[in-house]
Amino acid sequence: MSGHGDAQPMTARKSGPLRGVAEVPGDKSISHRALIFGAMAVGETRVTGLLEGQDVLDTAKAMRAFGAEVTRHGLGEWSVHGVGVGGFREPADVIDCGNSGTGVRLIMGTMATSPITATFTGDASLRKRPMGRVTDPLSLFGARAYGRQGGRLPMTVVGAADPVPVRYALPVASAQVKSAVLLAGLNAPGQTVVIEKEPTRDHSERMLLGFGAALTVETTAEGNVITLTGRPELRAQTVAVPRDPSSAAFPTCAALIVEGSDITVPGVSQNLTRNGLYLTLVEMGAQIEFMNPREEGGEPVADLRVKFSPDLKGIEVPEERAPSMIDEYPILSVVAAFAEGKTVMRGVKELRVKESDRIDAMARGLEACGVRVEEDEDTLIVHGLGAGGVPGGATAKTHLDHRIAMSFLVCGMAAKKDVSVDDASPILTSFPIFEGLMTGLGATLARG
1 MSGHGDAQPM TARKSGPLRG VAEVPGDKSI SHRALIFGAM AVGETRVTGL
51 LEGQDVLDTA KAMRAFGAEV TRHGLGEWSV HGVGVGGFRE PADVIDCGNS
101 GTGVRLIMGT MATSPITATF TGDASLRKRP MGRVTDPLSL FGARAYGRQG
151 GRLPMTVVGA ADPVPVRYAL PVASAQVKSA VLLAGLNAPG QTVVIEKEPT
201 RDHSERMLLG FGAALTVETT AEGNVITLTG RPELRAQTVA VPRDPSSAAF
251 PTCAALIVEG SDITVPGVSQ NLTRNGLYLT LVEMGAQIEF MNPREEGGEP
301 VADLRVKFSP DLKGIEVPEE RAPSMIDEYP ILSVVAAFAE GKTVMRGVKE
351 LRVKESDRID AMARGLEACG VRVEEDEDTL IVHGLGAGGV PGGATAKTHL
401 DHRIAMSFLV CGMAAKKDVS VDDASPILTS FPIFEGLMTG LGATLARG
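In the UniProt record's numbering, the protein residues as written are 1 to 448.
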């Protein structure tokens with residue numbers, strides 16, 4: 001599947017039991033950061049388990065353009081010879097970040113406090129996404145950004161020649177914005193402070209500490225106050241990337257709704273800022289066993305044993321849980337369709353500005369599959385039809401969104417009639433082995 005080529009329709013048919021071991025790829029968020037932090041460190045950073053999806057490959061290409069030496073040695077095994085904090089050179093060409101909002105926003109932050117200029121673009125989906133939430137705080141350091149109307153790509157960022165440290169309270173719960181500000185703060189003098197009212201994924205903080213940055217996190221009445229001391233010498237590291245909980249969500253949720261299924265998903269990150277989906281599924285009555293808890297690459301992980309769960313119940317998902325599962329609401333809404341009663345998801349307006357408007361995309365697709373859905377700007381409510389109760393028989397529009405495509409293909413594995421997606425090619429951006437992994441477990445997928 002190609003994330004940048006012609007549309008590639010795909011159909012999922014009702015599957016027999018899913019059985020076996022689901023070896024999902026490395027975590028996308030940590031893979032991006034491993035390449036970026038390695039590029040800013042002194043010496044050679046070695047990375048194992050790197051996700052080789054198109055999003056991460058685009059970030060690797062970008063780091064080369066900024067002067068780092070990035071080399072692939074084998075499947076998931078990479079090295080990065082960094083240029084040090086503030087050592088980025090000006091790229092000779094436009095930086096194409098493909099479909100990756102994480103990649104473009106973190107890279108903008110990384111170069112915003114160096115006296116260089118870079119122009120960024122992406123695919124049709126990324127060019128629709130707002131960049132102002134990142135460029136606004138970066139302007140406080142002294143950077144300037146010039147983009148299309150509405151703060152959209154293509155966009156040129158002129159880095160600050162004399163950056164100043166910043167104290168910034170996040171207006172939205174966004175790990176991308178938080179990370180961009182912290183990355184910019186690395187090459188600013190003094191202390192940069194980021195305040196987040198609601199905790200978001202903390203991979204950047206963990207990795208900054210691992211690379212030798214001076215960083216503290218204090219919990220106060222304002223929320224988490226993260227203080228970073230600028231201009232450290234980051235030390236090259238060995239980074240073992242754990243398996244991606246967002247990718248693991250798809251075989252996990254498929255096993256829960258396909259009758260007779262029993263699979264194992266090894267080595268899945270259990271970072272508390274990323275495990276909201278799994279807490280929610282257990283509350284709904286999912287049969288998930290968390291085995292062999294341990295730490296890998298500075299991240300908590302566990303092996304998951306997942307069984308078909310015919311007695312899933314709809315619940316109200318705690319609103320404060322949203323930041324820890326924001327990417328998983330599309331697949332959760334599919335599971336909710338196979339549960340008894342309604343599942344209420346509030347505080348999810350961030351889904352409106354992802355690769356697509358995911359609330360609208362899921363609502364329209366589920367309705368086409370015979371499921372009753374309610375929505376407003378910040379809420380999605382799915383009225384479940386119970387195990388095996390979803391009619392299916394529809395083609396869902398993916399809007400160039402990998403998570404929408406995979407969610408509806410999982411839906412088709414348990415629905416009464418086939419479910420198709422108009423374009424499965426974006427799946428390559430985050431989960432390039434999705435098709436092979438799912439068919440290896442017993443799913444029935446057909447192209448065209």
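Quick reminder that beta carbons are idealized off the backbone N, C-alpha and C, glycines included. Just so it is clear, the structure is predicted and the values come from calculations on it, not from any experiment.
Which of helix, strand or coil DSSP assigns to residue i
i	result
SER2	Its pLDDT being 38, under 50, SER2 is placed unreliably in this model, and the value from its coordinates should be taken loosely. Looking at SER2 - three-state DSSP - the assignment turns out to be coil, as it is neither helix nor strand.
ALA414	helix
SER114	coil
ARG447	strand
HIS399	coil
PRO232	coil
THR379	strand
VAL177	helix
ALA12	strand
ILE95	strand
SER420	strand
LYS349	helix
GLY86	coil
residue 453	Since the first residue of the chain shown is 1 and the last is 448, residue 453 is not available in this structure.
GLY142	coil
THR45	strand
ALA169	strand
GLY393	strand
PHE431	coil
Beta-carbon proximity check, residue i vs residue j, cutoff 8 Å
i	j	result
ALA12	LEU441	no
ASN271	GLU289	no
LEU428	GLU355	no
PHE308	LEU256	yes
VAL317	PRO9	no
ALA184	PHE120	no
LEU312	GLU283	no
VAL104	GLY132	no
THR273	SER324	yes
PHE431	ILE331	no
LYS14	ALA415	yes
GLY109	SER174	no
ARG231	PRO189	yes
THR379	ARG346	yes
VAL371	ILE381	no
LEU138	GLY101	no
CYS253	VAL177	no
Residues that residue i bridges to, as DSSP identifies them
i	result
ILE226	VAL194 and VAL217
LEU304	VAL265 and PHE290
GLY20	ILE263
MET155	PHE120 and GLY147
LEU409	Answer is none; LEU409 lacks a bridge partner.
VAL373	VAL382
Residue interval of the alpha helix (DSSP H) (run including residue i)
i	result
ILE315	From DSSP, ILE315 is part of no alpha helix (DSSP H); its letter is neither H nor E.
ARG64	54 to 65
ALA255	245 to 257
GLY38	28 to 40
MET207	203 to 210
GLU283	276 to 283
N-terminal and C-terminal residue of the beta strand (DSSP E) that residue i is part of
i	result
MET325	MET325 -> no beta strand (DSSP E), and no H or E assigned at all.
residue 462	The chain is shown from 1 up to 448; residue 462 falls before or after that span and cannot be answered.
LYS342	340 to 346
VAL80	77 to 81
THR238	238 to 240
Residue burial classification, residue i (beta-carbon count within 10 angstroms, cutoff 16)
i	result
LYS197	exposed
TYR168	buried
GLY276	buried
TYR146	exposed
ASP27	buried
GLN149	exposed
PRO171	exposed
PRO293	exposed
GLY3	Per-residue confidence for GLY3 stands at a pLDDT of 43, beneath the threshold of 50, marking its modelled position as unreliable; no derived number is given.
LEU75	exposed
ARG89	exposed
MET1	Note that MET1 has pLDDT 42, beneath the 50 cutoff, so the model's placement of it is unreliable and the number below is only indicative. The residue is buried, with at least 16 neighbouring Cβ atoms inside 10 Å.
GLY436	exposed
GLU377	exposed
ALA92	exposed
ASP6	exposed
ASP96	buried
ASP162	exposed
Near the ligand NAD: residue i beta-carbon under 7 Å from a heavy atom
i	result
PHE308	Because no ligand of any kind appears in the structure shown, any question about the ligand NAD cannot be addressed here.
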